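In the working numbering, the protein residues as written are 57 to 164.
Built from N, CA and C at the ideal position, the CB exists for glycine as well.
Bear in mind that the values here come from a model prediction, so they are computed numbers and not experimental data.
Scroll down for the structure; my scribbles are underneath it.
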């Protein structure tokens, strides 16, 4: 069993890892289905990609809300953690996904 120092507290809750893995995987698969759609012109790939983007935006939205709450809580403590940078990166990811969803709404 690894020796974990007393007072060690991880930056993120383990549930953050699960929530972060979901949009990363879904956006990646959406990119792959977009590439497949460009090569085959089969409309079902575009539909599948749109649903993947929606799933990534939903889980990413939950992650974004949680990271904003974490950033606000970190500002109230004496020692600030890089939680505001983390929340900013999650917000950029979510906004890029939203722009991608708007782009998909123009397809067809």
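For residue 112, the three-state secondary structure derived from DSSP is helix. Taking 8 Å as the upper bound for CB-CB distance, residue 89 and residue 101 are in contact here, some 5 Å apart. Restricting attention to 97, 132, 139, the CA atom closest to the CA of residue 121 is found in 139. Judged by beta-carbon spacing, residue 109 lies within the 7 Å limit of residue 156, meaning their Cβ atoms are closer than that value. Excluding its 5 nearest sequence neighbours in each direction, residue 154 has C-beta neighbours in its own chain below 8 Å: 113, listed in chain order. If the five residues before and after residue 151 are omitted, its C-beta is found closer than 6 Å to no C-beta atom of its own chain. Annotation for residue 81: the continuous alpha helix (DSSP H) segment containing it runs 70-96. In the three-state reduction of the DSSP assignment, residue 131 falls in the helix class, which pools H, G and I.
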